[in-house]
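Just below is one structure, and these are the notes that go with it.
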Amino acid sequence: MNKLRVLFLCTGNSARSQMAEGLVNHFLGDAWEAVSAGVKPAKEVHLLAIKVMAELGVDISQQYPKKIDEFRNANLDLVIAVCDQAARQCPAWLGKGEVVHIGFPDPAAADGGEEGKLQIFRQVRDGIRQQILKYLRDWEAPSSLVKL
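Counted from 1, the sequence shown has number 149 at position 141 by my numbering; the numbering is strictly sequential.
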């Protein structure tokens, strides 16, 4: 069976989309292959994202931010924008794949000390784990995307 492919989009590709990529590949890797990208990729994956993912036994330390253009011609089944603002403020997707918006607050924008920031990262991680993994488990490809 061919795996379904999902692309997670956000602006910087340093936290939310990276966590989503790692969670899907770890927990749903038998059925899904996840990648992530951003419009203005950061220089590296946020260290607190790496830390809170490691708490679940998910290693995203080798992942890196990628530009959205790398996936324009990719064969994708689904594209999920994870920005917390209205979908119109997320990156536009002009490539292949059904596009949906499932937003989360940007933990990289959290204020306060490290423990407070860690709590925000954990909340976002757990929200992504709950909502995105359920969505992908329940997702059915539109008939126009069904692979033969």
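Ideal Cβ placement from N, Cα and C applies to all residues, glycine included.
Status (buried if at least 16 other CB within 10 Å, exposed otherwise) for residue i
i: W145; result: In the sequence under discussion, the amino acid at residue 145 is Arg, which differs from the Trp named in the question. Per the 10 Å Cβ criterion, exposed.
i: V108; result: exposed
i: Q70; result: exposed
i: A28; result: buried
i: N83; result: exposed
i: K51; result: exposed
i: K75; result: exposed
i: A94; result: Legend: pLDDT at A94 = 41, less than 50; position of this residue unreliable, no value from coordinates given.
i: G121; result: exposed
i: Q138; result: exposed
i: G20; result: buried
i: D114; result: buried
For residue i, the three-state DSSP class (helix, strand or coil)
i: E148; result: coil
i: D77; result: helix
Separation of residue j from residue i, as counted between CA atoms
i: Q97; j: N10; result: Any answer about Q97 is weak, because its pLDDT of 49 lies below 50 and its placement is not dependable; what the coordinates show is given next. Those two C-alpha atoms are separated by around 33 Å.
i: R80; j: V47; result: 12 Å
i: Y143; j: G65; result: 22 Å
i: V87; j: F112; result: 15 Å
i: A117; j: D38; result: 33 Å
i: L56; j: G105; result: 30 Å
i: I128; j: A23; result: 11 Å
i: F16; j: V90; result: 7 Å
i: I140; j: W147; result: 10 Å
Range of the contiguous beta strand (DSSP E) that encloses residue i
i: F16; result: L12 to C18
Practice item. Return the chain-ordered ranges of every beta strand (DSSP E) run that is complete within the segment 22 to 73 and spans a minimum of 3 residues. Key: 40 to 46
Review point. What runs of the beta strand (DSSP E), each 3 residues or longer, lie entirely inside the segment 81 to 142?
Key: 86 to 89 and 106 to 109
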